[in-house]
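Residue 344 in our numbering is what sits at position 122 of the sequence shown, and the numbering runs on without skipping anything. Below you'll find the structure, written out as structure tokens, and then a few comments.
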Amino acid sequence: MKILLIENDRWISRWLRKALTKHHYVVDIVSDSRDAWGSIEAFDYDLLIVNVVSPLLDGINLVRKVRICGCEIPILLLTEESDIEKGIDGLDAGADDYVIKPYNIDEILARIRALLRRGKSSIAPVMKWGILCLDPNSCEATYGDRPLKLTPKEYRLLELFVRNGSRVLSSCVIRDNLWSLEEYPQQDAVKSHVKRLRQKLAKAGALKDFIETVYGLGYRLNKRWQNQNVSHSVSA
């Protein structure tokens with residue numbers, strides 16, 4: 223899941239990024255709402271977190287602009303304790319929810335999960351591809367009855383594959399979804415992560431073509447294993 227955070231307070235933005243990254247979110251940060259518009263047009267975000275107080279273009283006007291353009295991305299506002307009315311104005315402008323300072327990370331995470339359930343990137347209780355199971359709430363993955371010990375980046379890559387089914391994902395699409403703008407890697411990074419993910423799936427009993435390479439285009443999950451069950455698994 224990729225989030226764009228519009229926040230001009232560097233301490234708050236660093237704190238939020240650190241907390242959200244621990245929960246497997248990829249976070250891009252811009253310091254004002256005017257710069258945010260270019261990022262919204264360039265990348266496919268799952269959620270916007272917007273401070274209503276922002277230089278150049280305030281957060282409420284950004285929300286209004288997003289909605290006027292027909293974008294339905296979920297939006298969470300950050301407001302000062304003394305500016306509850308701005309939170310209400312933000313809801314009227316098209317935001318989905320708001321939180322009041324002082325911020326509680328557990329509350330923010332709960333509100334994010336609720337918004338993503340209602341939004342275009344709804345979180346299912348369990349995601350499956352054959353005997354591969356992912357729990358987006360705990361960020362745990364199993365293949366059959368075997369747990370997969372994945373790094374946060376490997377988990378997000380596997381979740382990206384499952385969410386997109388048999389759609390081919392190019393290296394560029396994978397990088398856009400798994401890395402923030404500040405840590406954007408070389409193309410070889412995708413190849414390396416796919417290789418390590420295949421190795422860990424293989425140790426759990428999956429065949430090498432569980433994630434298949436579509437040469438010249440990218441990667442996708444193999445339809446061959448979509449309806450696999452435990453009784454027909456290669457490790458049975």
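Beta carbons: idealized from backbone N, C-alpha and C, even for Gly. Computed from a predicted model, the values in this text were never measured in an experiment.
Using CA atoms only, rank isn't needed, just tell me which of the options is closest to residue i.
i, options, result
"residue 451", "367, 319, 230 and 318", "367"
"residue 436", "421, 316, 449 and 413", "413"
"residue 318", "269, 428 and 399", "269"
"residue 291", "315, 302 and 308", "315"
"residue 236", "250, 223 and 439", "250"
"residue 433", "402, 406, 391 and 408", "391"
"residue 441", "393, 408, 398 and 449", "393"
So, for residue i: in the same chain, excluding its five sequence neighbours on each side, which residues have a beta-carbon less than 6 angstroms away from its beta-carbon?
i, result
"residue 453", "The pLDDT assigned to residue 453 is 48, lower than 50, so where the model puts this residue is not dependable, and the model offers no usable value."
"residue 431", "444"
"residue 396", "412"
"residue 302", "323"
"residue 234", "none"
What does DSSP give as the partner residues of residue i in its beta bridges?
i, result
"residue 365", "354 and 368"
"residue 377", "Paired residues: none, contrary to the question."
"residue 295", "Answer is none; residue 295 lacks a bridge partner."
"residue 442", "434"
"residue 250", "226"
Quick one, are the C-beta atoms of residue i and residue j less than 8 angstroms apart?
i, j, result
"residue 300", "residue 273", "yes"
"residue 422", "residue 372", "yes"
Which same chain residues, not among the five before or five after residue i, have their C-beta less than 7 angstroms away from its C-beta?
i, result
"residue 415", "375, 376 and 379"
"residue 258", "226, 228, 252 and 284"
"residue 331", "245"
"residue 404", "none"
"residue 344", "In this prediction, residue 344 has a pLDDT of 48, which is less than 50 and means its spatial position is unreliable; what the coordinates show is noted afterwards. Closer than 7 angstroms at the Cβ level, and outside the excluded window around residue 344, lie 338."
Is residue i close to chain D, meaning its C-beta is less than 8 angstroms from at least one C-beta of that chain?
i, result
"residue 258", "The chain inventory of the structure shown lacks chain D, comprising one protein chain alone."
Report the CB separation of residue i from residue j in whole angstroms; it is logged as a contact under 8 angstroms.
i, j, result
"residue 320", "residue 298", "7 angstroms"
"residue 338", "residue 296", "7 angstroms"
Near residue i, what residues of its chain come up, given a Cβ to Cβ distance below 8 angstroms and the 5 sequence neighbours on each side ignored?
i, result
"residue 438", "none"
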